[in-house]
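There are 2 protein chains.
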Amino acid sequence: MSGRLAVIGLGAGDTGWLTPEAQAALSEADALYGYAGYLDRVPPRPGQSRHPSDNREEGTRSAAALGHAAQGAKVAVVSGGDPGVFAMAAAICEEIEAGPDAWRTLNVTFIPGVTAMLAVAAKIGAPLGHDFCALSLSDNLKPWDLVERRLDAAASAGFVIALYNPISRARPWQFGNAIERLRRHLPPATPVVFGRAVGRMDERVNVTTLADADTAPADMATLVIVGTRETRVIARSGQSPLVYTPRAAVEVSA
Amino acid sequence: MSGRLAVIGLGAGDTGWLTPEAQAALSEADALYGYAGYLDRVPPRPGQSRHPSDNREEGTRSAAALGHAAQGAKVAVVSGGDPGVFAMAAAICEEIEAGPDAWRTLNVTFIPGVTAMLAVAAKIGAPLGHDFCALSLSDNLKPWDLVERRLDAAASAGFVIALYNPISRARPWQFGNAIERLRRHLPPATPVVFGRAVGRMDERVNVTTLADADTAPADMATLVIVGTRETRVIARSGQSPLVYTPRAAVEVSA
Chain A
16 MSGRLAVIGL GAGDTGWLTP EAQAALSEAD ALYGYAGYLD RVPPRPGQSR HPSDNREEGT
76 RSAAALGHAA QGAKVAVVSG GDPGVFAMAA AICEEIEAGP DAWRTLNVTF IPGVTAMLAV
136 AAKIGAPLGH DFCALSLSDN LKPWDLVERR LDAAASAGFV IALYNPISRA RPWQFGNAIE
196 RLRRHLPPAT PVVFGRAVGR MDERVNVTTL ADADTAPADM ATLVIVGTRE TRVIARSGQS
256 PLVYTPRAAV EVSA
Chain B
16 MSGRLAVIGL GAGDTGWLTP EAQAALSEAD ALYGYAGYLD RVPPRPGQSR HPSDNREEGT
76 RSAAALGHAA QGAKVAVVSG GDPGVFAMAA AICEEIEAGP DAWRTLNVTF IPGVTAMLAV
136 AAKIGAPLGH DFCALSLSDN LKPWDLVERR LDAAASAGFV IALYNPISRA RPWQFGNAIE
196 RLRRHLPPAT PVVFGRAVGR MDERVNVTTL ADADTAPADM ATLVIVGTRE TRVIARSGQS
256 PLVYTPRAAV EVSA
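Sequences listed follow chains A and B, in order.
When you number the first sequence by my numbering, it's gap-free, plus one each residue, and the end is 269.
When you number the second sequence by my numbering, it's gap-free, plus one each residue, and the end is 269.
Below you can see the structure in the form of structure tokens.
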């Protein structure tokens, strides 16, 4: 069987972070699957079919792509950012495990990309400069009390926290609740970075504090980084501030 | 002043993950600074000076690069992987904050890259498919008991754990100690992935279990990913296994 499947990270943003490996995999694919908003970033190529689908259809999209590859085609599934971070790679693995035996013998590759937290961090300095974690605020696939436990654990142990999927129309209260939870562990002045659509034309990066974080605008295209007690803001005249977390742990929260 | 500084992530591995943005920044630099092993990955260009330095000289390297840029040059500091993840970006920010006022007015940009945990994850499936954290096992800049507290917090809250800098000649016992610590929280069969030199000629990726993890070879070029209670291994005849963490949390550790 000559079919194969590549699960490709386009990188956050438009094309500045599209790696050579991802570009090559896009070029050789017979068929592209993905969320329509990500497929739109890939220039059309004659002879290459496109199969856009809606957000939150990861399972059926994965099964369709695997089935297509099992017929002998070179299929690519595209993700924004990195496919292994709250994106398509895990969904593909779930379908392989649950699906027909033939899917296990397919040649499947995963191609990493610049995920949103790295892109947002780079725009503002080095907020992830010490130990950090990545946490999705979506409670579609896990109970909210587990999210709260993880927020407690991460903040009290001094991890910088990158919050993916902070808010959506279907999940309006979770972000405010999470910020409220973090205030139990961290001082009001803790720096918080909002990065929206980083690497795209309408990019917007803001720095605020934990005291003010829940009043800042956030949406599904926003990645939020919450610092630690040690995260610092460097004011710069005529330039945007730098936010960074020092490499050395000088103070340990109790 | 026309000087500027770019802090560039080359991506893990050789050149497959070097982004267009990073490539452009390398091309326009007058001078390159960095750990010698990373500078060796960048092809020489006439007229571009190179300033290699040893590992663990991040502070002096940063100050030298900032001073050079402050004289009007276009300077680039290179990191493997992503500069904001246990690499040069935080060191540069520390020197800017501590240094002369002129350094604050410099044009400084940070260019993200594919960090090792994303590269290793992509080679084996989707082990980071759920919430995860990144933790350096180096205790050069933080006390070991803080590392232990973070291991406890992350494992008991169900984060996948990516361990950077697991071991070195000067830190021979820390990795074994960390694995022992994690065994208090996670079952012996928990999948553990070792990725060494991923994206390079001598790449090696192995899957083992928490029970056997401390007997597997690791060095400074190794990134270790420790799964959760929910992380799964898919055996595939004629192919290497896939390791992934499902998107849905089905079981919560107490």
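We treat Cβ as the ideally placed atom computed from N, Cα and C, and that holds for glycine.
Think of a sphere of 7 angstroms around the beta carbon of residue 105 of chain B: the chain A residues whose beta carbon falls inside it are 141, 144, 259, 260, 261 and 262, in chain order. For residue 32 of chain A, the number of other beta carbons within 10 angstroms of its own is at least 16, and it is reported as buried. Short of 8 angstroms from the beta carbon of residue 75 of chain B, and not among the five residues preceding or following it, lie these beta carbons of its own chain, in chain order: 68. Chain-order list of chain B residues neighbouring residue 32 of chain A: 34, 35, 36 and 127, by C-beta distance under 8 angstroms. Proximity of residue 164 of chain B to chain A, defined by a Cβ-Cβ separation below 8 angstroms, is satisfied. Relative to residue 264 of chain B, the option among B:258, B:243 and B:254 whose CA is nearest is B:243. Going by beta carbons, residue 19 of chain A and residue 47 of chain A fall outside the 8 angstroms limit. Residues of the same chain with a CB within less than 7 angstroms of the CB of residue 197 of chain A, apart from the 5 flanking positions on each side, are 166, 170, 225 and 241 in chain order. The shortest C-alpha to C-alpha distance from residue 128 of chain B to any of B:173, B:40 and B:235 is the one to B:40.
Unbroken alpha helix (DSSP H) stretches of 4 residues or longer found wholly inside the segment 142 to 175 of chain B: 159 to 171, given in chain order.
Annotated three-state conformation of residue 101 of chain B is coil, per DSSP. Taking 8 angstroms as the cut-off, the beta carbon of residue 262 of chain A is found no closer than this to the beta carbon of residue 140 of chain A. Residues of chain B with a Cβ closer than 9 angstroms to the Cβ of residue 254 of chain A are, in chain order, 119, 120, 121, 122 and 123.
Between residue 207 of chain B and residue 104 of chain B, the beta carbon gap of about 28 angstroms keeps them out of contact (Cβ cut-off 8 angstroms). Contact of residue 157 of chain A with chain B is assigned, a C-beta pair being separated by under 8 angstroms. Looking only at A:218, A:217, A:232 and A:173, the smallest Cα-Cα distance to residue 191 of chain A is reached by A:232.
With fewer than 16 other CB atoms across the displayed protein chains lying within 10 angstroms of its CB, residue 216 of chain A is exposed.
Residue range 35 to 43 is occupied by the alpha helix (DSSP H) that includes residue 42 of chain B. Here residue 177 of chain B is not near residue 164 of chain A, since their CB atoms are 8 angstroms or more apart.
Those residues of the segment 67 to 99 of chain A placed with their C-beta closer than 8 angstroms to a C-beta in chain B are 73, 97, 98 and 99, ordered along the chain.
As the crow flies, the alpha-carbon of residue 89 of chain A is around 43 angstroms from that of residue 259 of chain A. In this structure residue 239 of chain A does not touch residue 222 of chain A by the C-beta definition: roughly 11 angstroms separates them, more than the 8 angstroms allowed. Listed in chain order, the alpha helix (DSSP H) runs fully inside the segment 176 to 250 of chain B are 189 to 198, counting runs of at least 4 residues. Distance between residue 77 of chain A and residue 52 of chain B, taken at the CA atoms: about 39 angstroms. Annotation: the continuous alpha helix (DSSP H) that includes residue 135 of chain A extends over 131 to 139.
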